[in-house]
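The listed protein sequences correspond, in order, to chains P and F.
For the first sequence, position 174 matches number 1041 in the working numbering, and the numbering has no gaps at all.
For the second sequence, position 10 matches number 132 in the working numbering, and the numbering has no gaps at all.
Beta carbons are placed, not taken as given, at the ideal position from N, Cα and C, and that holds for glycine.
All of these numbers come straight from a predicted model, not from anything done at the bench.
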Amino acid sequence: MSLRILQPGIQTTLQDLGRWGNQHLGVPVSGAMDDFAAAMANLLVGNDENAACLEFVMSNAGFTVEEDCLLAFCGRGTEVWADAENIPLWRSCLVKAGTEIKIRPVSRGYRTYLAVAGGFHVLPVMNSRSTYEPAQLGGLAGRALQPNDKLLVEPTASAISFHMMDALARENRNLAVSHWSVDFKTPPDYTRDFIRMVKGPEWDWFTEEAQDRFFACGFTLSVQSNRMGFRMLGKPLSFKNQSELISTAVCKGSLQVTNDSSLILLMSDCQTTGGYPRIAQTAAVDLPVCAQLRPNDTIAFTEISSVEAENLYLERELELRQVKQNIELIFS
Amino acid sequence: MPDCDIYPLSEKAVVISFGDAISLQLHQLVMGASQVITPHNFPGFIEAVPSYNSLTIYYDPVIWWQKEVDHQKSCFDHVREHLLNLLNQPFSAVTTQRPLHHVPVCYGGTFGPDLAEVSAELGLSEREIIDLHCQIKYTIFMLGFVPGFAYMGELSPLLSISRKPSPRAKVPGGSVGIAGQQTGIYPLDVPGGWRLIGQTPIPLFNPYRAQPTLFSAGDEVLFHAISEEEFHHLKKSTP
Chain P
868 MSLRILQPGI
878 QTTLQDLGRW
888 GNQHLGVPVS
898 GAMDDFAAAM
908 ANLLVGNDEN
918 AACLEFVMSN
928 AGFTVEEDCL
938 LAFCGRGTEV
948 WADAENIPLW
958 RSCLVKAGTE
968 IKIRPVSRGY
978 RTYLAVAGGF
988 HVLPVMNSRS
998 TYEPAQLGGL
1008 AGRALQPNDK
1018 LLVEPTASAI
1028 SFHMMDALAR
1038 ENRNLAVSHW
1048 SVDFKTPPDY
1058 TRDFIRMVKG
1068 PEWDWFTEEA
1078 QDRFFACGFT
1088 LSVQSNRMGF
1098 RMLGKPLSFK
1108 NQSELISTAV
1118 CKGSLQVTND
1128 SSLILLMSDC
1138 QTTGGYPRIA
1148 QTAAVDLPVC
1158 AQLRPNDTIA
1168 FTEISSVEAE
1178 NLYLERELEL
1188 RQVKQNIELI
1198 FS
Chain F
123 MPDCDIYPLS
133 EKAVVISFGD
143 AISLQLHQLV
153 MGASQVITPH
163 NFPGFIEAVP
173 SYNSLTIYYD
183 PVIWWQKEVD
193 HQKSCFDHVR
203 EHLLNLLNQP
213 FSAVTTQRPL
223 HHVPVCYGGT
233 FGPDLAEVSA
243 ELGLSEREII
253 DLHCQIKYTI
263 FMLGFVPGFA
273 YMGELSPLLS
283 ISRKPSPRAK
293 VPGGSVGIAG
303 QQTGIYPLDV
313 PGGWRLIGQT
323 PIPLFNPYRA
333 QPTLFSAGDE
343 VLFHAISEEE
353 FHHLKKSTP
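Shown next, in the form of structure tokens:
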């Protein structure tokens, strides 16, 4: 089973939930920018949530499936077509061999994830299939997709995937969309225009004016943004006194202020350590919302305590685990 | 127990900070703590990342939520208490012998394109700079920036120099740089702002090896100068 890439899109990469366990060697975690959408796409086709999936960035892309294939698209920023039929996002569906899938940008959102039953077959590098382009690690030869790439799918899918496929195969259509979906109680609110932030370890290094500005003014995502980090444009945030931070750990969601007082939101491919003051840390449950921002989108920051952020994260993680169990119960 | 400050970095990361300076003494506490806190005694442990003066532990808070009955306290509070208990055991700076790496470097010329400029700026001859760079046994404080990049110190104060005003778009892998009180080697072709004084032919990062990086935090490094011929010979004989 394989996919033949006709049109690769811009920066389409294979990603799982990250290359954990290697940060002490300076190796970034990487992984899906919108980890919620990637995990859901996998669960919808009966995969482990950490299976490799494709991360499409809002752009035109297309491929053909070379055998019947159970797949699911999750995220935002695109609409998907199987020949002339629309494939709804956040649903699993069975497409017949030879079908051409087209991905087209829409006006909101930025990243869409494709999971296929079994997961994409690439060898894990340092315990992950995620692509990290700067060091050509993981994914397909450590790079983004190119025209005519052939993506292999793992030959053995789970029993859950097979039961899902069986149910849809009976419909005998070119595109059979599942009748069920996941009613998630605490999904990311992708339409919101604010991101919840916990004050960072160096919050007190900033002037009162900068602290006020941080929660009062909007910030705009610069076009100079990538999987490593987002440059957020807005009013400058000044330090009380110019002291140097000794390089220490940073992670996805850390908001750093550089010497020229610009704001950088670290994302999946970020360095493992950094030497810029950390003004705030993004609530983990809002990182999928960040991942769906597109250049020139403006957002505001609101304050949340670290305890609240932890509670929201636990709530989301426990629900994801519950959804996985329910799917296993129903389809095994 | 050494003085330390424990604070959350994110929902799944906690930082143990031992002080606000770059010193061997603080770094030994960091490495000591990294030996005391292990997957065996820390539920939900994902990984530990040492830096100059702090150790960051990544963990799964769901494990703590399921493990602890007292949900009045946050998972972070439980984690913090647990860390204080672990660090309360008799534990001091690491004393075990750390690996010493002898790293060959071809200095100057096309291998170290900034050596002449550094020499002019510091008022030292190229020979003096090479000797000063080779005479100190450096400690690796941490790996970061890119896979396998080791931050080493401390450099001779005579070699202390600022970064380049604007970074190079591409530093060749193997380049040896200096900046401030630090020295380091770029493992890959990446952008970089340190002054380049030489290049090593030995590979520093290979993701397909069991130990992907040549160096680990806490290791020691001694540089020695080699000729261009030796450089090419070593480059050919190492994979």
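Subject >> Residue nearest to Ile-1194/P in terms of C-alpha spacing, selected from Asp-1050/P, Cys-1084/P, Gly-1101/P, Met-993/P >> reply: Measuring from the Cα of Ile-1194/P, the nearest candidate turns out to be Asp-1050/P.
Original post:
Which partner residues does Met-1099/P have in the DSSP bridge list?
Top reply: Beta-bridge pairing links Met-1099/P to Leu-1088/P, Leu-1130/P.
Subject >> Met-264/F in three-state terms, based on DSSP >> reply: strand
Original post:
If you draw a straight line from the alpha carbon of Asp-199/F to that of Leu-1154/P, how long is it in whole angstroms?
Top reply: 23 Å
Original post:
Can you list the alpha helix (DSSP H) stretches of 4 or more residues lying completely in the segment 1002 to 1049 of chain P, in chain order?
Top reply: 1026 to 1036
Original post:
How big is the Cα-Cα spacing for Arg-1188/P and Gln-1078/P?
Top reply: 37 Å
Subject >> Rounded C-alpha distance that separates Ala-291/F from Leu-326/F >> reply: For Ala-291/F and Leu-326/F, the distance between alpha carbons rounds to 20 Å.
**OP:** Spell out the partners DSSP gives Gln-1123/P in its beta bridges.
**Re:** Ile-1131/P, Arg-1145/P
**OP:** Closer than 7 Å, Cβ to Cβ, to anything on chain F: give me those residues from the segment 1175 to 1187 of chain P, in chain order.
**Re:** Flagged, chain order: Ala-1176, Glu-1177, Tyr-1180, Leu-1181, Glu-1184, Leu-1185.
Original post:
In terms of residues, what are the limits of the beta strand (DSSP E) holding Leu-131/F?
Top reply: 127 to 132
Original post:
Using DSSP with H/G/I as helix, E/B as strand and the rest coil, what is Trp-1070/P?
Top reply: helix
Original post:
Between the Cα of Gln-150/F and the Cα atoms of Arg-249/F, Ala-339/F, Glu-350/F, Leu-356/F, which residue gives the shortest distance?
Top reply: Ala-339/F
**OP:** Output, in sequence order along the chain, the residues in the segment 882 to 916 of chain P whose CB is closer than 7 Å to any CB in chain F.
**Re:** Trp-887, Gly-888, Gln-890, His-891, Leu-892, Gly-893, Val-894
**OP:** Could you tell me which of Cys-941/P, Glu-1111/P, Gly-986/P sits nearest to Ile-970/P, measuring between CA atoms?
**Re:** Ile-970/P has its Cα closest to that of Cys-941/P, out of Cys-941/P, Glu-1111/P, Gly-986/P.
Original post:
Does the ligand MN have a heavy atom nearer than 7 Å to the CB of Phe-1051/P?
Top reply: This structure does not include the ligand MN; it has no bound ligands of any sort.
Subject >> Cα-Cα separation between Ile-144/F and Asn-909/P, rounded to whole angstroms >> reply: 44 Å
**OP:** Return the residues of the segment 984 to 1011 of chain P that lie within a Cβ-Cβ distance of less than 7 Å from chain F, sorted by chain order.
**Re:** Val-992, Met-993, Pro-1001, Ala-1002, Leu-1004
**OP:** For Glu-934/P, name the three-state secondary structure that DSSP assigns.
**Re:** coil
**OP:** Quick one: grab the DSSP three-state call for Gln-882/P.
**Re:** strand
Subject >> Whole-angstrom C-beta distance between Val-989/P and Arg-996/P, which should lie under 8 Å >> reply: 5 Å
Subject >> Coarse secondary structure for Ala-316/F, derived from DSSP in three states >> reply: Ala is not the amino acid found at residue 316/F; the sequence shown has Trp there. In this structure, Trp-316/F counts as coil in the three-state DSSP scheme.
Subject >> Per-residue contacts from Ala-1151/P into chain F (C-beta, under 7 Å) >> reply: Ser-132, Glu-133
Original post:
Among Asn-163/F, Gln-188/F, Ser-132/F, Leu-254/F, which residue has its Cα nearest to the Cα of Ala-1147/P?
Top reply: Ser-132/F
Subject >> Paired residues, beta bridge with Ile-877/P - DSSP >> reply: Val-924/P
Subject >> Cα-Cα separation between Gln-257/F and Gln-303/F, rounded to whole angstroms >> reply: 15 Å
Original post:
Along the chain, where does the alpha helix (DSSP H) that runs through Phe-327/F open and close?
Top reply: Note, Phe-327/F: premise wrong, no alpha helix (DSSP H); not H, not E.
**OP:** Can you give me, in chain order, the residues of the segment 168 to 192 of chain F that have a beta carbon less than 8 Å from any beta carbon in chain P?
**Re:** Cβ contacts with chain P come from Ile-168, Glu-169, Ala-170, Val-171, Pro-172, Ser-173, Tyr-174, Asn-175, Ser-176, Thr-178, Tyr-180, Pro-183, Val-184, Trp-187.
Subject >> Endpoints, the alpha helix (DSSP H) within which Pro-1082/P is located >> reply: It is Phe, not Pro, that sits at residue 1082/P in the sequence shown. Looking at the DSSP string, the run of the alpha helix (DSSP H) that includes Phe-1082/P is 1075 to 1083.
Original post:
Is the beta carbon of Pro-329/F less than 8 Å from the beta carbon of Met-993/P?
Top reply: yes
Original post:
For chain F, is any of its Cβ atoms less than 8 Å away from the one on Ala-919/P?
Top reply: No, because no Cβ of chain F sits closer than 8 Å to the Cβ of Ala-919/P.
Original post:
For the beta strand (DSSP E) that Cys-1137/P lies in, which residues bound it at each end?
Top reply: Taken as a continuous stretch (DSSP letters only), Cys-1137/P belongs to no beta strand (DSSP E), as it is neither H nor E.
**OP:** Can you pull the chain F residues whose beta carbon is under 8 Å from the beta carbon of Ala-1116/P, in chain order?
**Re:** Leu-131, Ala-135, Val-137, Val-171, Ser-173, Ser-176, Thr-178
Original post:
So with Cβ pairs under 8 Å, would you call Ile-144/F a contact of chain P?
Top reply: With its beta carbon less than 8 Å from one in chain P, Ile-144/F belongs to the interface.
**OP:** For Ser-282/F, collect the residues of the same chain with a Cβ closer than 7 Å to its Cβ; drop the 5 residues on either side in sequence, then sort them by chain order.
**Re:** Gly-302, Gln-303
Original post:
Going along the segment 1103 to 1128 of chain P in order, which residues come within less than 9 Å of chain F, judged by CB to CB distance?
Top reply: Correct list: Ile-1113, Ser-1114, Thr-1115, Ala-1116, Val-1117, Cys-1118, Lys-1119, Gly-1120, Ser-1121.
Subject >> Length of the line joining the Cα atoms of Glu-1182/P and Ile-1171/P >> reply: 16 Å
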